[in-house]
Structure formats: structure tokens, C-alpha cells
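Numbers 1 to 191, taken from UniProt numbering, label the letters of the sequence shown in order.
For glycine and all other residues, C-beta sits at the position ideal for the given N, C-alpha and C.
Down below is the structure, laid out as C-alpha cells.
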Amino acid sequence: MNKLPFKNFTKSLIIITIFVNMCSENLLAQSKDPSPLNFPTPKNIDNMLFYIQRDPNVNTAIYAINYQEDGKIDKSNPIKAYWIRYAEKGEKKDLTYMQRKFAYGIESKTVNNEEFELQFVSYKKLSLTLKKIDSDQKYHVFVNVNQKKIQVEKIFVRIEGGSFWLPNVKYAEVTGIDASSNKTITERMVL
Numbered sequence: 001m002n003k004l005p006f007k008n009f010t011k012s013l014i015i016i017t018i019f020v021n022m023c024s025e026n027l028l029a030q031s032k033d034p035s036p037l038n039f040p041t042p043k044n045i046d047n048m049l050f051y052i053q054r055d056p057n058v059n060t061a062i063y064a065i066n067y068q069e070d071g072k073i074d075k076s077n078p079i080k081a082y083w084i085r086y087a088e089k090g091e092k093k094d095l096t097y098m099q100r101k102f103a104y105g106i107e108s109k110t111v112n113n114e115e116f117e118l119q120f121v122s123y124k125k126l127s128l129t130l131k132k133i134d135s136d137q138k139y140h141v142f143v144n145v146n147q148k149k150i151q152v153e154k155i156f157v158r159i160e161g162g163s164f165w166l167p168n169v170k171y172a173e174v175t176g177i178d179a180s181s182n183k184t185i186t187e188r189m190v191l
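Here it is as C-alpha cells:
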């Protein structure tokens, strides 16, 4: 377990990781313990895989495929993460060094030409898989939560108190497509 200050926050992000708020259903409506904030849904984001939202504010972390100029995935860094700062007129902004290294960043390991193992820097216990799917020839991120394989679309992290450096993460919810039923599901992880 990571001993850095963002441990709990990133832990939630990873668990919800790699999971997106791309579904048309509002996460707040699904949750029994909703955030007081009304979150926007990212739309028309090039190469987006999933996104993360948390209730200190409506700013959203976007995780997208990192393509090189030749159109091929960058195998040394297959995911790029950045903010859409909805609280600041929807401005796109890179993650800060601290956010990349201790909270929202993703480390990757190549499994083969079309598959990568991913982990959030803040929570190494949750393993995600980025792979190209034959049916649509696109990359998707998958995670196993509560014995269910989920194609991640969004992740929501519920924070109650704590501090900037050590937030009190109550749970993380991963929303996406259940690989066995092909239906949208939300699974909660208590951290």
C-alpha cells in the first residue's frame, strides 16, 4: 500500500478507476449517498476511455488514449490524463506534477501489442486492463469489482472531510458495461 498522502484519495480513484461517468444515467440518482453537487457529463472528448469525479468540486479527470503522430498508441505511455475544469468555465488543464505522481496518474506495463496493465499511482491494489476489442477495434479499460468484469466508463469518489493531503474517502463507485450481460452497472467499493 502506498504510504503517500494521497493514498486514500487515489485508492478510491483506482477502485473506481478507470471507470467513467460516460453513461447517460446520472450517478447521483444511482447512489444511496449522493454528493450534494450536480456533475456535468463529459461529451465529445476525443479518445476518452473513462473519467473520474469526486465531490469536493465538479472538475473532472479525463483518461484518454495517448496516440502518437503516426496514429499508433504510445506504448510507453498509453494513457493521458487531464482535467476539464468545469468550475472554471470548462477549461482543459494538464494534471500538476503532484497530481500525476501521487493521486491521479496512471502507471502502465505492456502485456502485448494491444494490451496494457494499468494501476493508479495512489492505489496499486487495483489492476486495470487497457486492451483493443475485436468487435469495434477500439481500446477500452476493464476492471474486476465485486467479482464482476466491468468496461469502465466513469468513477465517482465519495469524500467526507479530511484534508487536501489526506481526504477521508468513504467509497468509490465504478460505472460501466458488465462484460457478462452487456448491461450498464454501478459497483461500489468501500475503501
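Residue nearest to residue i in terms of C-alpha spacing, selected from the options
i: Q151; options: H140, G161, R158; result: H140
i: N146; options: E187, E115, F116; result: E187
i: V174; options: L126, N44, Q137; result: L126
i: I133; options: R54, E88, V157, F116; result: F116
i: T110; options: P56, D74, N38; result: D74
The alpha helix (DSSP H) enclosing residue i, as first and last residue numbers
i: Q53; result: Segment 48 to 54 is the beta strand (DSSP E) holding Q53; no alpha helix (DSSP H) there.
Per-residue DSSP class, three states only, for residue i
i: Y171; result: strand
i: F102; result: helix
i: N179; result: The sequence given here places Ala at residue 179; Asn does not occur at that position. A179 falls in the coil class under three-state DSSP.
i: E160; result: strand
i: E69; result: coil
For residue j and residue i, believed in contact at Cβ under 8 Å, the rounded distance
i: residue 198; j: R85; result: Nothing can be reported for residue 198, as the shown portion of the chain is limited to 1 through 191.
i: I62; j: P40; result: Contact flag wrong, Cβ pair sits at about 12 Å.
Per DSSP, the bridge partner or partners of residue i
i: residue 193; result: Any question about residue 193 goes unanswered here, given that the chain covers just 1 to 191.
i: K131; result: E115, H140
i: A61; result: I52, W83
Unbroken beta strand (DSSP E) run spanning residue i, endpoints
i: F142; result: 138 to 145
i: D94; result: 91 to 94
i: T186; result: 184 to 190
Check: residue i C-beta below 7 Å from any heavy atom of the ligand HEM
i: L191; result: Ligands are entirely absent from the displayed structure, and the ligand HEM is therefore not among its contents.
Chain B within 8 Å of residue i, Cβ atoms only
i: N112; result: Of the chains in the structure shown, none is chain B; there is only one protein chain.
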